[in-house]
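Down below is the structure, laid out as structure tokens.
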Amino acid sequence: MTRSNQETNAAHERRASLNAWHEAVDLDRLGHHGGAVSRAYYAAYHAARALLFEKGLEPKTHEGVRRMLGLHYVLPGLLAEKQTQALTRLAYLREASDYAPAEPPTAEQAHEALTLTREFLGASGLSLPDA
2 MTRSNQETNA
12 AHERRASLNA
22 WHEAVDLDRL
32 GHHGGAVSRA
42 YYAAYHAARA
52 LLFEKGLEPK
62 THEGVRRMLG
72 LHYVLPGLLA
82 EKQTQALTRL
92 AYLREASDYA
102 PAEPPTAEQA
112 HEALTLTREF
122 LGASGLSLPD
132 A
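My numbering applies: residue 2 is where the sequence shown begins, and numbers increase by one.
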């Protein structure tokens, strides 16, 4: 991957992250907590991919994103371990939301997802307006 591709891919992922964040907030305000949880996860996921693309890394799976983030950002001290833990928790909430529809996410779970995502985005360098 060329440096230009790294920058283009990272910028695309940052835009996708911010779009997903705004969708999550809007869905939560409308009371669609499952959608809010899912979009909150994807906001964090795309922000994580942006960080990896900035280093020329191309993760192929969701698990790969979490592992590479730990290896290339947490181990060298560029990101706190709690951020990869947040991404793991968000993945769990999203999977429960998307694949266990008999028990839809609660407002509290949506709030947790939005809080974890806001913190993750801030730690990854994305600034958000106050929600």
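We put the beta carbon where it would ideally sit given N, CA and C, even for glycine.
About 14 Å separates the CB atoms of residue 63 and residue 18; that is not less than 8 Å, and the two are not in contact. Excluding its 5 nearest sequence neighbours in each direction, residue 50 has C-beta neighbours in its own chain below 7 Å: 14, 60, 66, listed in chain order. Cβ-Cβ separation between residue 45 and residue 122: approximately 7 Å, consistent with a contact (criterion under 8 Å). Between the C-alpha atoms of residue 124 and residue 10 there is a straight-line separation of about 19 Å.
Residue 106 sits buried, since 16 or more C-beta atoms from the chains shown fall within 10 Å of its C-beta. Inter-residue distance for residue 96 and residue 35 is about 10 Å (C-alpha atoms, whole angstroms). Taking residue 120 as the centre and dropping the five residues before and after it, the same chain places the C-beta of 87 closer than 7 Å to its C-beta, in chain order. Taking the CA atoms as reference points, residue 80 sits about 10 Å from residue 72. In the DSSP assignment, residue 116 falls within the alpha helix (DSSP H) that extends over 108 to 124.
At the C-beta level, residue 25 and residue 118 come within 9 Å of one another. Around the Cβ of residue 30, a 10 Å sphere holds fewer than 16 other Cβ atoms; the residue is exposed.
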